[in-house]
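> With our numbering as the guide, the letters of the sequence shown map in order to residues 4 to 110.
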Amino acid sequence: MATTLSEFRSALAQGAPSQALAPAVQALWWAAKGKWDTAHDIVMKESGADAAWVHAYLHRVEGDDDNARYWYRQARRSAATGSLDSEWEEIAASLIATPAATTRGAP
């Protein structure tokens, strides 16, 4: 299971994310694979700031800035203004660095 951003990026070569990852991190994994609907389905079922942050990012990817701003507020974060790639990296680095990122049991 990924414990660093580099390991998380390497895990993108796999067919699916580790089930040991928290849902928000799994959604971010699917987003990196271009599977927006799968990522969105995951965060829609979750509550909490991490899922809201990924949700905001996904709506930014979609081009729905109004909806993204709503989810940034839910995440208690300022709306991102940089590139989508840099935001994905920021979210990934932040979420995989927290113990909550791996609360789902064995991979």
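Using N, Cα and C, we set each Cβ at its ideal position, and we do this for glycine too.
S50 by DSSP, collapsed to three states: which one?
Of the three classes helix, strand and coil, the one that applies to S50 here is coil, per DSSP.
> Alpha carbon to alpha carbon, how far is L31 from T7? Give it in angstroms, no decimals.
One C-alpha to the other measures close to 14 Å.
> Throw me the rounded Cβ distance for the R63 and A71 pair, which I believe falls under 8 Å.
With a Cβ gap of about 4 Å, R63 and A71 count as contacting.
> Assuming V57 and I94 form a contact by the criterion Cβ under 8 Å, report the distance between their Cβ atoms to the nearest whole angstrom.
Rounded, the Cβ-Cβ distance is 6 Å, consistent with contact.
> In terms of alpha-carbon separation, which member of S89, D40, T84 and L98 lies closest to E65?
That would be D40, whose Cα lies nearest to the Cα of E65.
> Residues in its own chain within less than 7 Å of A19 by CB, not counting five upstream and five downstream?
Closer than 7 Å at the Cβ level, and outside the excluded window around A19, lies no residue.
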